[in-house]
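Here our numbering is used: the first residue of the sequence shown is 507, the next is one more, and so on. All C-beta atoms, glycine included, are put in the ideal place defined by N, C-alpha and C. The structure appears below as structure tokens.
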Amino acid sequence: MLYRCCFNAYIRTPMELLMKKIQMVDLIGQYQKIQAEIDKAVLDVIRSSAYINGPEVKSFQADLEKYLRVKHVIPCANGTDALQIAMMALGLQPGDEVITADFTYVATAEVIGLLKLKPVLVDVNPDDFTIDPKAIEAAITPKTKAIVPVHLFGQCADMETINAIAKKHNLYVIEDNDQAIGSNYTMKDGSVHKAGTISTVGCTSFFPSKNLGCYGDGGAIFTNDDELAKKIRMIANHGQSVLYYHDEIGVNSRLDSIQAAILRIKLRHLDEYAAARQKVAAYYDKAFGSHPKVIVPKRVSFSDHVFHQYTLVLKGVDRNELRTYLASKDIPAMIYYPVPLHMQKAYRDPRYKEGDFPVTEKLCANVISLPIHTEMNEETLNYITENTLAFLNQ
Ligand SMILES: Cc1ncc(COP(=O)(O)O)c(C=O)c1O
């Protein structure tokens, strides 16, 4: 923002004089640090002409399998496709019930609806924002076939409990891991598993702003099940088993070679990116942890938090006023998510009404996410926290 000064020239706002523009995510800053590597990798793909299913895709797949310690990674075009392909490969049929969280990004429920499966929405925990296992158990019917927990904002749902429920009722578990790639999950026996590899199948998105984001769209599916992996690979490629032999109706969902080349480089930085995000979260925790008007995000004992988002729950604060105040100081803030799924126009269903999912409804009305990314410095964090506190304390 530019101000006009008395000499009719433009001067910068105080914030701009101090630092560069604050963003929810700084993709350019992140790129600049690895620019030489990225530029070379992209040029190499262009010069190779292996744009689709080239060696970079296979190498990225192998790198990610190693990082996640999972038998199969199947790259695809985006995180929404990943969920859809996983559900198709599991053979879910129209009318089958799939339980998922009411508090999530729409894609989770969208694919359930698109495949004519029946989304069964349940409430979430108020403090970690992930699906409530007790609510899952209460929603199971003879038609239930799968559970889709979402590792919302970067921390895993209670997978050990969810897996036990699934086992008891013979259900598939599809992890929506679009927001928590790299997070470690510690089982009660002490074994550690990467988010997305803890159940039947896991799905992720490489949307640019994700913790592992490419420079376009991308996604992947993870599984340790050989037969399922074969089916997923086939469905993602037009249901093709052998070239031009199509065993079932599939989709066209590919990660392109340029994106794979970029992701290979960024994967090497993923743990350091998570550490940078955790440092930001710790700074925010320190500033807001004891404030009576906000609740900072809870850390569960069994999962790392890789902070795709840092989300506060406001208590008795006018969220719009806070957002407007922050905007006046050039501080962006986002609402993830403003409307519970059961209140979205496209997902209205006579089974659900306002008040059915009180935790989600309360969260949707009171959450606010602050900027968090890999390129934040102390000066920026100080500016954000001081201004937020100035509003909260007035
Ligand atoms: C929880 C969740 N599920 C699914 C998706 C869909 O991923 P994509 O945008 O790559 O299709 C996203 C992406 O925003 C997400 O956050």
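Taking residue 880 as reference, the option from 595, 689, 812 with the minimal CA-CA separation is 812. A distance below 6 Å between beta-carbons, with the five flanking residues on each side excluded, links residue 847 to the following residues of its chain, in chain order: 608, 615, 627, 853.
Remark: the shortest separation between the CB of residue 725 and any heavy atom of ligand 1 falls under 7 Å.
The way I'd put it, the stretch 703–712 does touch the stretch 669–689; three or more beta-carbon pairs between them come closer than 8 Å. Judged by beta-carbon spacing, residue 562 lies beyond the 8 Å limit of residue 875, meaning their Cβ atoms are not closer than that value. When rounded, the separation of the alpha-carbon atoms in residue 720 and residue 557 is 15 Å.
Residue 761 sits away from residue 588, with the two beta carbons spaced by 8 Å or more. Within the same chain, 573, 687, 688, 717, 718 come within 8 Å of residue 776 by CB-CB distance, once the 5 residues on both sides are set aside.
Under DSSP, residue 650 shares a beta bridge with 603. Along the length of the stretch 802–856, whole alpha helix (DSSP H) runs at least 4 residues long occupy 825–834, reported in chain order.
A Cβ-Cβ contact shorter than 8 Å links residue 799 with residue 821. Residue 873 is positioned such that its CB atom lies closer than 8 Å to that of residue 817. A residue is called buried when at least 16 other Cβ atoms come within 10 angstroms of its Cβ; residue 900 does not meet this threshold and is exposed.
Of 536, 535, 560, 796, the smallest CA-CA separation from residue 767 is found for 560. Annotated as distal: residue 533 and residue 803, with beta-carbon spacing of 8 Å or more.
Residue 678 is bridged by DSSP to 652. Relative to the Cα of residue 774, the nearest Cα in the group 543, 531, 526 belongs to 543.
As computed with DSSP, residue 762 is found in a beta bridge with 558. Taking the C-beta atoms as reference points, residue 742 is found no nearer than 8 Å to residue 724. Between the stretch 595–614 and the stretch 648–660, the count of C-beta pairs closer than 8 Å reaches three or more; the two stretches touch. Between the alpha carbons of residue 898 and residue 871 lies a gap of roughly 17 Å. In the three-state DSSP reduction, residue 749 falls in the coil class, being neither helix nor strand.
The residue from 648, 622, 619, 662 with its alpha-carbon nearest to that of residue 633 is 662.
Residue environment for residue 877: buried (at least 16 other C-beta atoms within 10 angstroms of its C-beta). Annotated three-state conformation of residue 880 is coil, per DSSP. For residue 627, the enclosing beta strand (DSSP E) starts and ends at 624–628.
Residue range 864–872 is occupied by the alpha helix (DSSP H) that includes residue 864.
Counting along the chain, the unbroken alpha helix (DSSP H) around residue 742 starts and ends at 732–742. Under the rule that a run must span 4 or more residues, the alpha helix (DSSP H) segments found entirely inside the stretch 559–598 read 561–574, 585–595.
For the pair residue 893 and residue 843, the Cα-to-Cα distance works out to about 23 Å.
DSSP places residue 700 in the strand class (E or B) of the three-state scheme. Of the candidates 600, 629, 611, 600 places its Cα closest to the Cα of residue 620.
CA-to-CA, the gap between residue 697 and residue 576 works out to about 14 Å. Rounded to the nearest angstrom, the gap between the Cα atoms of residue 528 and residue 786 is 14 Å. Residue 849 has its alpha-carbon roughly 8 Å from the corresponding atom of residue 859. Using a 10 angstroms sphere on the CB of residue 769, the tally of other CB atoms reaches 16 or more, which defines it as buried.
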